[in-house]
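Trainee:
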Amino acid sequence: FSSQRTVVRANKKQAYLKGVAGVRELRVRYRKTARKRLTQLYLHSLFGLIYFLILSMMDSYGCTGRILQPS
1 FSSQRTVVRA
11 NKKQAYLKGV
21 AGVRELRVRY
31 RKTARKRLTQ
41 LYLHSLFGLI
51 YFLILSMMDS
61 YGCTGRILQP
71 S
C-alpha cells in the first residue's frame, strides 16, 4: 500500500512540475503565439494545478474514499 501511495504522490508532483514548466514555456513563447491559444494553454495548466492541489488536500484529509463511495 505504502509504495502505491508514494507512486501516486510522485505522479502528482510530476504533473505539477509539468504544469509549472508549461507556464514557463508559455512565457518564452508569448510573442510568437497567438494570444487566444496562449490563454487557452495557460488556463488548462492552471486548472490542472488547482485540480491536483485539491486532490492532494483531500488525500491528506483521507476524504477521497468517503466521497467516491455512496454513503
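Counted from 1, the sequence shown has number 36 at position 36 by the UniProt record's numbering; the numbering is strictly sequential. C-beta atoms are modelled at their ideal positions from N, C-alpha and C, and glycine is treated no differently.
1) Thinking just about the alpha-carbon of each residue, which of Asp59, Leu55, Met58 and Gly22 is nearest to the one in leucine 43?
2) Using the C-alpha atoms, what's the distance from tyrosine 51 back to glutamate 25?
3) Does the distance from the C-beta atom of serine 56 to that of lysine 12 stay below 8 Å?
4) Under 8 Å between the Cβ atoms of tyrosine 16 and leucine 49?
Mentor: The relevant details are as follows:
1) It is Gly22 whose Cα lies nearest to the Cα of leucine 43.
2) 21 Å
3) yes
4) yes
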